[in-house]
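S.K.:
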Amino acid sequence: MKQASLLAASPAAALSLNQNTLHQITEAAARIAHLPATEAARDEDFWFAVQRAFYQSPQFINLENGYYSPQPVSVAEAQWEHIRMINQIPSFYMRRHQFEDRDAVKRQLAAFAGCGTDEMVITRNTTEALDTVIFGLDLARGDEAVVSTQDYGSMLAAFEQRVRRDGIVTRKVTLPLHPKSKSEIIGAYEKAITPRTKVMLVTHMINLTGQVVPVREICDMAHGHGVEVIVDAAHSFAHLDFKLPDLHGDYVGTSLHKWLCAPLGAGLLYVKKEKIPKVWPLFGDTDYPADDIRKFEHIGTHPCATHLTIADALRFHEAIGSGRKEERLRYLKNYWTEKAKDLPGVVLNTPAGRDQSCAIANVGIKGKSPADVATALYDKHRIFTVAIETPDVKGIRVTPHLYTTLGDLDKFVRALGELSRS
Ligand SMILES: Cc1ncc(COP(=O)(O)O)c(C=O)c1O
Numbered sequence: 004m005k006q007a008s009l010l011a012a013s014p015a016a017a018l019s020l021n022q023n024t025l026h027q028i029t030e031a032a033a034r035i036a037h038l039p040a041t042e043a044a045r046d047e048d049f050w051f052a053v054q055r056a057f058y059q060s061p062q063f064i065n066l067e068n069g070y071y072s073p074q075p076v077s078v079a080e081a082q083w084e085h086i087r088m089i090n091q092i093p094s095f096y097m098r099r100h101q102f103e104d105r106d107a108v109k110r111q112l113a114a115f116a117g118c119g120t121d122e123m124v125i126t127r128n129t130t131e132a133l134d135t136v137i138f139g140l141d142l143a144r145g146d147e148a149v150v151s152t153q154d155y156g157s158m159l160a161a162f163e164q165r166v167r168r169d170g171i172v173t174r175k176v177t178l179p180l181h182p183k184s185k186s187e188i189i190g191a192y193e194k195a196i197t198p199r200t201k202v203m204l205v206t207h208m209i210n211l212t213g214q215v216v217p218v219r220e221i222c223d224m225a226h227g228h229g230v231e232v233i234v235d236a237a238h239s240f241a242h243l244d245f246k247l248p249d250l251h252g253d254y255v256g257t258s259l260h261k262w263l264c265a266p267l268g269a270g271l272l273y274v275k276k277e278k279i280p281k282v283w284p285l286f287g288d289t290d291y292p293a294d295d296i297r298k299f300e301h302i303g304t305h306p307c308a309t310h311l312t313i314a315d316a317l318r319f320h321e322a323i324g325s326g327r328k329e330e331r332l333r334y335l336k337n338y339w340t341e342k343a344k345d346l347p348g349v350v351l352n353t354p355a356g357r358d359q360s361c362a363i364a365n366v367g368i369k370g371k372s373p374a375d376v377a378t379a380l381y382d383k384h385r386i387f388t389v390a391i392e393t394p395d396v397k398g399i400r401v402t403p404h405l406y407t408t409l410g411d412l413d414k415f416v417r418a419l420g421e422l423s424r425s
């Protein structure tokens with residue numbers, strides 16, 4: 004990577020902006036290094052330095068960071084540098100440097116994810132990562148898969164295609180919005196297992212409500228029945244502080260453009276080493292043996308600048324620290340939900356327990372449709388959220404980010420109060 008970068012011209016202004024914001028965060032982090040993460044979460048001086056590291060729209064308050072995360076200034080500027088460098092030496096870069104550079108990024112990403120480079124590949128997103136597994140497993144007519152009604156639509160659609168094409172059977176679990184205990188959730192998944200069950204899909208953090216499910220315990224239970232588990236970690240990776248193998252899933256997919264703040268079009272697929280030979284790549288490959296994870300990298304020409312920028316996103320994330328980031332995000336969610344929960348007619352659809360949710364929460368107003376609430380928030384108050392209306396969940400999803408201020412959340416709670424009284 005170093006060699007290729009030397010060939011590129013770097014505009015001083017972009018580089019200094021890039022270095023300054025990271026530098027300021029690193030300095031601010033050193034000042035609060037002695038604080039436990041739960042206390043650091045309330046240190047507004049530190050978070051002011053982080054807020055300044057992002058671009059912000061003066062036009063509205065964005066509380067819809069569940070779709071994807073904006074890149075901080077340092078990451079976006081770094082991506083532009085990589086694009087410039089690659090465009091200066093286009094196919095020379097592709098032929099001479101891309102593989103070495105991708106390996107270097109993979110080493111950093113694998114170290115962060117807590118796995119080996121021989122059990123992960125960079126993908127374009129969670130959908131590509133998980134569809135690779137859903138379509139790559141040898142499942143025969145009558146084999147069963149357990150999913151939940153609150154799994155992400157694209158993964159449910161992929162299983163539905165296997166139902167139509169291969170005659171597999173899916174059993175759908177309904178999850179409570181406010182589970183009384185972990186065993187209530189684990190039990191719901193366990194009840195759906197039959198002697199024909201081969202695989203289970205479990206979403207670590209449900210996108211509709213932000214509920215965090217006890218994925219590790221579910222995986223252990225499923226393995227006890229000889230069932231493999233595909234984990235959808237789209238929302239939990241680089242949001243909650245954990246390593247991928249901690250989840251005990253056989254296959255895990257995530258999107259790096261969500262909470263890692265990498266550029267759009269970056270994801271990760273982790274496959275437990277001994278499971279790699281079982282999964283066919285989505286795109287045919289004859290370059291690598293069946294037990295080599297690189298068989299999944301055969302996707303055509305790669306978006307190299309995006310891949311390089313993953314390293315910059317990791318640098319930004321690590322300057323803040325995974326524990327501090329998780330606690331700040333939870334603090335922001337608790338800050339507004341604590342104020343909103345007693346407003347008349349307001350219903351929280353997200354469990355409040357420490358290990359049951361983090362940044363994302365869903366809130367409804369009795370007698371109002373989620374679409375009407377989201378529209379009124381934007382039209383009258385310039386606050387952007389998203390309406391969620393499914394058989395299980397009715398409300399707006401509210402997702403602050405590291406750049407969200409307490410003032411933004413106060414405005415949101417005032418607006419919600421006004422709407423609940425109108
Ligand atoms: C739980 C969950 N899984 C998967 C996805 C799909 O992610 P992507 O569109 O990046 O593939 C999303 C997107 O929001 C999600 O929320």
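Here the working numbering is used: the first residue of the sequence shown is 4, the next is one more, and so on. Just so you know, even glycine gets a beta-carbon here, dropped at the ideal spot from N, CA and C.
Alpha helix (DSSP H) containing Lys342: first to last residue?
M.R.: Locating residue 342 in the sequence shown gives position 339, where the first residue counts as 1. First-last of the alpha helix (DSSP H) with Lys342: 325-343.
S.K.: Give me, in chain order, the residues of the same chain whose beta-carbon lies closer than 6 Å to that of Val426; leave out the 5 immediate sequence neighbours on both sides.
M.R.: Because the chain here runs from 4 to 425, residue 426 falls outside it and cannot be looked at.
S.K.: Would the C-beta of Asp345 count as close to ligand 1, meaning under 6 Å from any of its heavy atoms?
M.R.: Within the sequence shown, numbered from 1, the residue matching residue 345 stands at position 342. Result no, Cβ not under 6 Å from ligand 1.
S.K.: Using a threshold of 7 Å, state whether the C-beta atoms of Leu272 and Val124 are closer than that.
M.R.: Position 269 of the sequence shown, counted from the first residue, corresponds to residue 272. Position 121 of the sequence shown, counted from the first residue, corresponds to residue 124. Yes; because the gap between Cβ atoms is below 7 Å, this pair is in contact.
S.K.: Use the C-beta contact count for Lys194: other C-beta atoms within 10 angstroms, 16 or more gives buried, fewer gives exposed.
M.R.: Working through the sequence shown from its first residue, we reach residue 194 at position 191. With fewer than 16 Cβ atoms within 10 Å of its Cβ, Lys194 is classed as exposed.
S.K.: With DSSP collapsed to three states, give me the class of Val401.
M.R.: Translated into the one-based positions of the sequence shown, residue 401 becomes position 398. Three-state result, Val401: strand.
S.K.: How about Ala374: is its Cβ closer than 6 Å to a heavy atom in ligand 1?
M.R.: By one-based count along the sequence shown, residue 374 stands at place 371. No - ligand 1 has no heavy atom lying nearer than 6 Å to the Cβ of Ala374.
S.K.: So, using beta-carbon positions, are Thr212 and Asn352 closer together than 7 Å?
M.R.: To locate residue 212, count along the sequence shown from 1; it is residue 209. To locate residue 352, count along the sequence shown from 1; it is residue 349. Less than 7 Å divides the Cβ of Thr212 from the Cβ of Asn352.
S.K.: With 16 other CB atoms within 10 Å as the buried threshold, where does Asn68 fall?
M.R.: Within the sequence shown, numbered from 1, the residue matching residue 68 stands at position 65. Buried, by the Cβ-count rule.
S.K.: Can you check which of these residues, Trp50, His384, Ala33, is closest to Glu329 by C-alpha distance?
M.R.: To locate residue 329, count along the sequence shown from 1; it is residue 326. Checked all of Trp50, His384, Ala33; the closest Cα to Glu329 is Trp50.
S.K.: For the beta strand (DSSP E) holding Met123, just list the boundary residues, first then last.
M.R.: Stepping through the sequence shown from its first residue, residue 123 is reached at position 120. Here the beta strand (DSSP E) through Met123 covers 123-126.
S.K.: Pull up the CB-CB distance for Val389 and Lys369, whole angstroms please, since I reckon it's below 8 Å.
M.R.: As a position in the sequence shown, residue 389 is number 386, starting the count at 1. As a position in the sequence shown, residue 369 is number 366, starting the count at 1. So it is not a contact: roughly 19 Å between Cβ atoms.
S.K.: Given a threshold of 16 other Cβ atoms within 10 Å of its Cβ, counted over all protein chains shown, does Ser13 qualify as buried or as exposed?
M.R.: The residue you call residue 13 lines up with position 10 of the sequence shown. A caution first: Ser13 carries a pLDDT of 37, below 50, which makes its placement in the model unreliable, though a value can still be read off. Exposed, because fewer than 16 other Cβ atoms sit within 10 Å of the Cβ of Ser13.
S.K.: Please report the straight-line C-alpha distance between Ser19 and Phe319, rounded to a whole angstrom.
M.R.: Position 16 of the sequence shown, counted from the first residue, corresponds to residue 19. Position 316 of the sequence shown, counted from the first residue, corresponds to residue 319. Note that Ser19 scores 45 on pLDDT, short of 50, meaning its location in the model is unreliable; the coordinates nonetheless yield the value given after this. Computed Cα separation, rounded: 15 Å.
S.K.: Between which two residues does the alpha helix (DSSP H) containing Leu271 stretch?
M.R.: As a first step, residue 271 is located in the sequence shown; it is residue number 268 there, counting from the start. Going by DSSP, Leu271 is part of no alpha helix (DSSP H) but of the beta strand (DSSP E) stretching over 270-274.
S.K.: Which ranges does the alpha helix (DSSP H) cover as unbroken runs of at least 4 residues, wholly within the region 228-311, from first to last along the chain?
M.R.: none
S.K.: State buried or exposed for Phe415, treating a residue as buried only when at least 16 other CB atoms are found within 10 Å of its CB.
M.R.: Taking the sequence shown and counting its residues from 1, one reaches residue 415 at position 412. Looking at its Cβ environment, which holds 16 or more other Cβ atoms inside 10 Å, Phe415 is buried.
S.K.: So, does the region 78-87 touch the region 252-260, judging by three or more C-beta pairs under 8 Å?
M.R.: no
S.K.: Using the rule of at least 16 other Cβ atoms within 10 Å of the residue's Cβ for burial, across every protein chain shown, is Asp154 buried or exposed?
M.R.: Along the sequence shown, read from residue 1 onward, the residue named residue 154 stands at position 151. That one is buried.
S.K.: Here's the rule I'm using: 16 or more other beta-carbon atoms within 10 Å means buried, otherwise exposed. How should Asn210 be labelled?
M.R.: The residue labelled residue 210 in the question sits at position 207 within the sequence shown. By the 10 Å Cβ count, Asn210 comes out buried.
S.K.: Quick check: what's the CA-CA separation for Leu263 versus Phe162?
M.R.: Reading the sequence shown from its first residue, position 260 is the one you call residue 263. Reading the sequence shown from its first residue, position 159 is the one you call residue 162. Roughly 27 Å separates the two Cα atoms.
S.K.: Buried or exposed for Ser372, please, with buried defined as at least 16 other CB atoms from any protein chain shown within 10 angstroms of its CB.
M.R.: Within the sequence shown, the letter at position 369 stands for residue 372. So Ser372 counts as exposed.
S.K.: Assuming Val401 and Ala364 are in contact, meaning their beta carbons sit under 8 Å apart, how far apart are those beta carbons, in whole angstroms?
M.R.: Position 398 of the sequence shown, counted from the start, is the residue given in the question as residue 401. Position 361 of the sequence shown, counted from the start, is the residue given in the question as residue 364. Indeed they touch by this definition, with Cβ atoms about 6 Å apart.
S.K.: Can Asn68 be considered in contact with ligand 1, in the sense that its beta carbon sits closer than 6 Å to one or more heavy atoms?
M.R.: As a first step, residue 68 is located in the sequence shown; it is residue number 65 there, counting from the start. For ligand 1, not one heavy atom lies less than 6 Å from the Cβ of Asn68.
S.K.: Measure the C-alpha to C-alpha separation of Pro182 and Thr206 and round it to an integer number of angstroms.
M.R.: By one-based count along the sequence shown, residue 182 stands at place 179. By one-based count along the sequence shown, residue 206 stands at place 203. Whole-angstrom Cα-Cα distance: 15 Å.
S.K.: From Asn90, Glu220, Thr29, Gly139, pick the residue whose C-alpha is nearest to that of Asp2; which is it?
M.R.: What is shown of the chain runs 4 to 425, which leaves residue 2 out entirely.
S.K.: Could you check if Asp294 is buried or exposed, using at least 16 other CB atoms within 10 Å of its CB as the buried criterion?
M.R.: The count along the sequence shown starts at 1 and reaches residue 294 at position 291. Answer is exposed; the Cβ neighbour count stays below 16.
S.K.: Looking at the secondary structure, which residues open and close the alpha helix (DSSP H) in which Ala107 lies?
M.R.: Here residue 107 refers to the residue found at position 104 when the sequence shown is read from its first residue. Its alpha helix (DSSP H) spans residues 101-116.
S.K.: Nearest-angstrom Cα distance between Pro292 and Phe299?
M.R.: By 1-based counting over the sequence shown, the position of residue 292 is 289. By 1-based counting over the sequence shown, the position of residue 299 is 296. Using only the alpha carbons, I get a separation of about 11 Å.
S.K.: Count the other CB atoms within 10 Å of the CB of Lys336; is the residue buried (16 or more) or exposed (fewer)?
M.R.: Here residue 336 refers to the residue found at position 333 when the sequence shown is read from its first residue. Residue environment for Lys336: buried (at least 16 other C-beta atoms within 10 angstroms of its C-beta).
S.K.: Of all the options Ser360, Tyr254, Ala377, Leu412, which has the alpha carbon lying nearest to the alpha carbon of Glu122?
M.R.: Residue 122 sits at position 119 when you count from the first residue of the sequence shown. If we check each option's Cα against that of Glu122, Tyr254 comes out closest.
S.K.: Let me know if Ala143 comes out buried or exposed under the rule of 16 or more other beta-carbons within 10 Å of its beta-carbon.
M.R.: Residue 143 sits at position 140 when you count from the first residue of the sequence shown. Label assigned to Ala143: exposed.
S.K.: Between Phe286 and His301, is the Cβ-Cβ spacing less than 7 Å?
M.R.: Within the sequence shown, residue 286 is the residue found at index 283, counting from 1. Within the sequence shown, residue 301 is the residue found at index 298, counting from 1. Yes, these two residues count as a Cβ contact at 7 Å.
S.K.: Is Lys201 helix, strand or coil when you go by DSSP?
M.R.: To locate residue 201, count along the sequence shown from 1; it is residue 198. Lys201: strand per DSSP, three-state reduction.
S.K.: Are three or more beta carbon pairs between the region 37-52 and the region 389-398 nearer than 8 Å?
M.R.: A contact between stretches requires three or more CB pairs, one per stretch, nearer than 8 Å, and the region 37-52 fails this requirement with the region 389-398.
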